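Only one structure is covered here, and it is reproduced in the block below.
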Amino acid sequence: MGRPLAGLPGGNARLGAFHLLSRRLVRRKIGFYGTATAFLLLVLT
Numbered sequence: 001m002g003r004p005l006a007g008l009p010g011g012n013a014r015l016g017a018f019h020l021l022s023r024r025l026v027r028r029k030i031g032f033y034g035t036a037t038a039f040l041l042l043v044l045t
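In full-length UniProt numbering, the protein residues as written are 1 to 45.
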């Protein structure tokens, strides 16, 4: 875990972190706002 696939030097790790983050936020019942915020952060950075 945490290892990016060959050919995706950081994108896969970032996607994995985003996925874990969104799942965690969904459990806390702020899934929509949390996921939207995380998505905006991913797009802006």
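Glycine included, C-beta positions come from ideal geometry on N, C-alpha and C.
These numbers come from a predicted model, not from an experiment.
Since residue i and residue j should fall inside the 8 Å C-beta cutoff, what is the C-beta to C-beta distance between them, to a whole number of angstroms?
i: L20; j: A38; result: Not confirmed; about 10 Å, so no contact.
Compute the Euclidean distance between the alpha carbons of residue i and residue j, then round it to the nearest angstrom.
i: P4; j: R14; result: Here P4 scores only 48 on pLDDT, less than 50, and its place in the model is too uncertain to base an answer on.
i: T35; j: N12; result: 17 Å
i: F32; j: L40; result: 12 Å
i: G16; j: R27; result: 17 Å
Just to confirm before moving on: does the CB-CB distance between residue i and residue j stay below 8 Å?
i: F18; j: L44; result: no
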